[in-house]
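Numbering (the UniProt record's numbering), first residue to last: 1 to 423.
Even glycine gets a Cβ: it sits at the ideal position worked out from N, Cα and C.
Computed from a predicted model, the values in this text were never measured in an experiment.
Reviewing the structure listed below.
Next comes the structure, spelled out in structure tokens:
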């Protein structure tokens, strides 16, 4: 099968669907020029493929090397139906590329009259300047310019020229496509990793910021006692299952290796500039989480968990909490696969019981309903998002475990015992 970019250009829906069904394929990767699959589908007017990509979580405001978004390409080529889909998904109608041109600049230049009208009706500014001081009206033929000027006035726009600023995109949801080769390398040469700064150290290992193949990464060096051939084999069998690239709310493990001279298992994942949800909510970052953003985080987490619950078999030893939810550069919450425990890591121990369901503290993993247990953890996350407080902040892990366990014992009591327990 040809590469995904060719399939999107040609509108081969069957091939695109098969490619998307492979969890190791990243639909937000870019080609040599930074075009994502969504860029190509929008450029060529492949409406069905656009629907598929959006439904699977393609980033709407992704930029290519020239800072063009998919909306720029749809507007340039007059694909009005695709334009409407992108705008419905909150595409930035005033996104400026490297020349300062917005989608409206191109719609006017290529005489896409209806597309230009749609853009203005959805907030595109008629007097925003590019790098050369030209507005969309300057690019349009006189009749279209007059019509758009009148339409802009009806929309309440000022007809004063808005000068170009090369910081227009900062603070928006515009992002670059990811390196399309990273998901091809499961095994990594330790010598290719560049360790830049130590971030943290805890019971499970050390966390480092680093670079690999020109990409910012996080390197996690696991602390494992008595590393054996069997543990090495288990490690090599388990980590490929965590390389899930096919969902926007799941942060995949990029790959793994073992560091010399003493073999230490190492896993790497994408660098997330905002850190974890726990960092954002409780550790005083510059990230402002208002009610709307909190709801978006909750929806992101729910979508990610819904996807993980469709996998058969399910990912074992995954425990949902705010420390394992990472915040991407476009303010998307992503469930980190790098926080899934391996079978040889601290068996029988639980380090974040505040988010763990009572039955998960009482029983073996194979004896509980994992999906129901995740719902409990998700409910704690919702409480955390609403209150901005750390659950059971004043208790030790042992005290938290005992307190949560009471919910399980309470649930098994007879009705009259429950009443007495509440008194």
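DSSP beta-bridge partners of residue i
| i | result |
| --- | --- |
| residue 335 | 250 and 325 |
| residue 107 | Residue 107 pairs with nothing; no bridge assigned. |
| residue 389 | None, per the DSSP bridge assignment. |
| residue 219 | 208 and 268 |
| residue 201 | 206 |
| residue 255 | 268 |
| residue 496 | Missing from the structure shown is residue 496; the chain here goes from 1 to 423 and no further. |
| residue 194 | 211 |
DSSP state of residue i mapped onto helix, strand, coil
| i | result |
| --- | --- |
| residue 78 | coil |
| residue 236 | helix |
| residue 61 | coil |
| residue 265 | strand |
| residue 296 | helix |
| residue 229 | helix |
| residue 272 | coil |
| residue 402 | helix |
| residue 375 | helix |
| residue 30 | strand |
| residue 280 | helix |
| residue 55 | helix |
| residue 305 | helix |
| residue 168 | For residue 168, the predicted structure reports a pLDDT of 47, less than 50, and the residue's modelled location is therefore unreliable. The matter cannot be settled from this model. |
| residue 47 | helix |
| residue 86 | helix |
| residue 5 | helix |
| residue 20 | helix |
| residue 162 | strand |
| residue 320 | coil |
| residue 147 | helix |
| residue 410 | Confidence at residue 410 is low in this model, with a pLDDT of 48, below 50, so the placement of that residue should be treated as unreliable; the coordinate-derived value is given next. Helix at residue 410. |
| residue 330 | coil |
| residue 38 | helix |
| residue 341 | coil |
| residue 14 | helix |
| residue 94 | coil |
| residue 72 | helix |
Residue burial classification, residue i (beta-carbon count within 10 angstroms, cutoff 16)
| i | result |
| --- | --- |
| residue 9 | buried |
| residue 383 | exposed |
| residue 216 | exposed |
| residue 55 | exposed |
| residue 328 | buried |
| residue 326 | buried |
| residue 28 | buried |
| residue 190 | exposed |
| residue 310 | exposed |
| residue 159 | exposed |
| residue 284 | exposed |
| residue 52 | buried |
| residue 386 | exposed |
| residue 126 | buried |
| residue 169 | With a pLDDT of 48 at residue 169, under the threshold of 50, the predicted position of this residue should be treated as unreliable, though the coordinate-derived value follows. Buried is the call here. |
| residue 377 | buried |
| residue 276 | buried |
| residue 393 | exposed |
| residue 203 | exposed |
Close-in-space but distant-in-sequence residues of the same chain around residue i (CB under 6 Å, 5 per side omitted)
| i | result |
| --- | --- |
| residue 194 | 210 and 211 |
| residue 271 | 216, 217 and 218 |
| residue 100 | 130, 131 and 164 |
| residue 45 | 79 |
| residue 397 | 353 |
| residue 141 | none |
7 Å CB neighbourhood of residue i in its chain, flanking five on each side removed
| i | result |
| --- | --- |
| residue 115 | 75, 78, 80, 83 and 107 |
| residue 18 | none |
| residue 5 | 31, 35, 37 and 40 |
| residue 105 | 130, 136 and 139 |
| residue 371 | 309 |
| residue 424 | What is shown of the chain runs 1 to 423, which leaves residue 424 out entirely. |
| residue 344 | 224, 231 and 234 |
| residue 388 | 281 |
| residue 247 | 57, 304 and 307 |
Own chain partners of residue i with C-beta closer than 8 Å, once the 5 adjacent residues on each side are dropped
| i | result |
| --- | --- |
| residue 243 | 23, 24, 183, 186, 252, 253, 254, 255 and 337 |
| residue 368 | 357, 359 and 360 |
| residue 249 | 57, 300, 301, 303, 304, 307, 332, 333, 334 and 335 |
| residue 149 | 126, 137 and 159 |
Residue i at chain D interface by Cβ criterion, 8 Å
| i | result |
| --- | --- |
| residue 95 | Given the protein chain composition of this structure (a single chain), no chain D is represented. |
Item to check | Cβ contact check for the segment 336 to 345 and the segment 241 to 254: 3 or more pairs under 8 Å | outcome: yes
Next on the checklist: Quick check: the segment 114 to 134 against the segment 83 to 95, are at least 3 beta-carbon pairs closer than 8 Å?
Outcome noted: yes
Next on the checklist: Using 8 Å as the cut-off, can you tell me whether the segment 290 to 299 makes contact with the segment 231 to 238, which would need three or more C-beta pairs spanning the two stretches below that distance?
Outcome noted: no
Checklist entry - Below 8 Å, can you find three or more Cβ-Cβ pairs linking the segment 343 to 353 to the segment 306 to 315? => result no
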